[in-house]
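Presented below is the structure to which this report refers.
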Amino acid sequence: MTLDEAMARSFAILDRVLAAFPVIATVGLFSGGNDSVVVNHLFRQRVDAIAHVNTGTGIPETTHHVRDVVAAWGLPLHELRPKHSYRDLVLGNVLATRGANIGRQVWKGFPGPAGHSVMYRRLKDEPLQRLRGQIIGRQGRRRNVVYLGGMRWAETDRRFRNAEEVDREGALIWVSPIVHWTDAHMREYRDRHRCTLPHEHAAHLLCTPDALPLNEVTVHLHMSGECLCGAFAKPGELDEIEFFYPHATKPLRELQREAETAGLTACAWGQRPPGSRRRRSAGRLCAKCDVIEGQADLLAEWREAGLITPSQFDTFTRPEAA
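Residue numbering for the sequence shown follows the numbering used here, starting at 1021 and increasing by one per position.
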């Protein structure tokens, strides 16, 4: 399948949904990552608005990137925030309000893989569900909202093993229009639309109306960085983030000290809590959260590329004294 054929199939997926359901709004989900920027760039003239979940525990530069890009596209931006903060979740300040566990803490301590579902639901899914309710109002049975996401079959080991082009959840229709795109398609699309002219580039590489934006965070860290819950963090990841974005890791370092002072067992960001329960797969919006077998060591890549010195690499990877 050529890139043009893949693009035609993407548009056909959305067209099929719009023909089958009474859709009142099509919203692009923009995390600031490499896949989400492609799907939103591709559909920027087909969506009514863009939604970005500001989890409160991400790298601020990513949210600034989303704001600037969406403004340049001339689209409305729904910047969503969770009802409860990541800090309150970690410190055990959030209590269940319904169900068998009413009145109990929904979580306590920094999450490992087993806690990812709680973080995903509280930090990402609930804000998006609230937006759906605001758009639909009381006409849920007769109206639908489409959320366009960047999930691809190439990523199904990290998210959903049975990824679908269309996944209906009541009045909410999750559409993954680039689900069939390969890594080669993604590279070709970036090569086709990203500005590479030898001149002083505009912010986010938005040099022309058709230009594909670039988030500097994805260049430095190979991820969007919009959520740093740490559930699937690899060893040394916080140090890697801190190298480029110390202001983003400062609140996490402070929260670690709070958790330790409070006597929480799981008091270290990115470390699997003692006796951690069996992990669950990552949520539908967490493109690259899940652990990948054989994942490259980003610090080693930086060392080989000359971004850090060998001595800095040794410092970052040296085990802490017991």
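The beta-carbon is built from N, C-alpha and C at its ideal position, and this holds for glycine as well.
Under three-state DSSP, which class holds G1048? Reduced to three states, the DSSP call for G1048 is strand.
A1032 - containing alpha helix (DSSP H), residue span: Segment L1023 to A1040, the alpha helix (DSSP H) holding A1032.
Is it right to say F1031 is buried, meaning 16 or more other beta carbons lie within 10 angstroms of its own, or is it exposed? exposed
Decide yes or no for the touch test of the stretch 1207-1225 against the stretch 1165-1172: beta carbon pairs closer than 8 Å, at least 3 of them. Two segments are said to touch when three or more pairs of C-beta atoms, one from each, lie closer than 8 Å; by this definition the stretch 1207-1225 does not touch the stretch 1165-1172.
Is the separation between the beta-carbon of G1053 and that of T1238 shorter than 8 Å? yes
Proximal residues to R1349 (C-beta, below 8 Å), its chain only, five neighbours per side dropped: In the structure as shown, the chain starts at 1021 and stops at 1342, and residue 1349 therefore has no counterpart that could be examined.
Less than 8 Å between the C-beta atoms of P1042 and N1235, yes or no? no
By how many angstroms is the C-alpha of R1107 removed from the C-alpha of Y1275? The displayed chain sequence assigns Leu, not Tyr, to residue 1275. Approximately 7 Å, taken between the alpha carbons.
Are at least three pairs of beta-carbons, each pair with one atom in the stretch 1245-1257 and one in the stretch 1073-1093, less than 8 Å apart? yes
Bridge-paired residues (DSSP) for Q1125: L1115
Bounding residues of the beta strand (DSSP E) (the contiguous stretch that carries E1246): It is not in any beta strand (DSSP E) - E1246 carries neither H nor E in the DSSP assignment.
Is D1203 buried or exposed, if buried means 16 or more other CB atoms sit within 10 Å of its CB? Exposed, by the Cβ-count rule.
Quick check on H1098: does DSSP put it in helix, strand or coil? strand
Would you list the residues sitting across from L1192 in a DSSP beta bridge? Partner(s): V1165 and E1189.
By Cβ distance below 8 Å, which residues in the same chain neighbour I1261 in space, the five residues on each side in sequence not counted? I1079, L1241, G1245, L1248, A1268 and T1269
Measure the alpha-carbon distance for R1036 versus A1251 and round it to whole angstroms. 36 Å
Is the number of C-beta pairs between the stretch 1096-1107 and the stretch 1067-1074 that are closer than 8 Å three or more? Touching, yes.
Unbroken alpha helix (DSSP H) run spanning I1261, endpoints: E1257 to F1264
Residues in its own chain within less than 7 Å of I1400 by CB, not counting five upstream and five downstream? Limits of the chain in this structure are 1021 at one end and 1342 at the other, which puts residue 1400 out of reach.
What residues are listed by DSSP as bridge partners for V1110? DSSP output for V1110 lists no bridge partner at all.
Shortest alpha-carbon distance to Q1068 belongs to which of T1082, V1057 and V1047? Reading off the sequence, residue 1068 comes out as Asp, not Gln. Residue V1047 is the option with its Cα nearest to D1068.
Excluding five sequence neighbours on each side, which residues of the same chain lie with their C-beta closer than 7 Å to the C-beta of P1271? none
Excluding sequence positions up to five away, which residues of its chain have a Cβ less than 6 Å from the Cβ of A1286? G1129, F1130 and P1293
Please list, in chain order, all residues of the same chain as Y1050 whose beta carbon is under 8 Å from its beta carbon, the five residues on each side excluded. According to the sequence provided, residue 1050 is Phe. The question's Tyr does not apply to it. Correct list, in chain order: S1056, V1057, N1060, I1070, A1071, H1072, V1086, V1089 and V1090.
Which two residues bound the contiguous alpha helix (DSSP H) that contains V1059? N1054 to L1062
Under 8 Å by Cβ, that's how I've got V1199 and L1034 pegged, so tell me the actual separation to the nearest angstrom. With 8 Å as the limit, V1199 and L1034 do not qualify as a contact, their Cβ atoms being about 12 Å apart.
CA-to-CA distance, L1062 to A1026, given in whole angstroms: 11 Å
Can you give me the start and stop residues for the alpha helix (DSSP H) that H1136 sits inside? H1136 to Y1140
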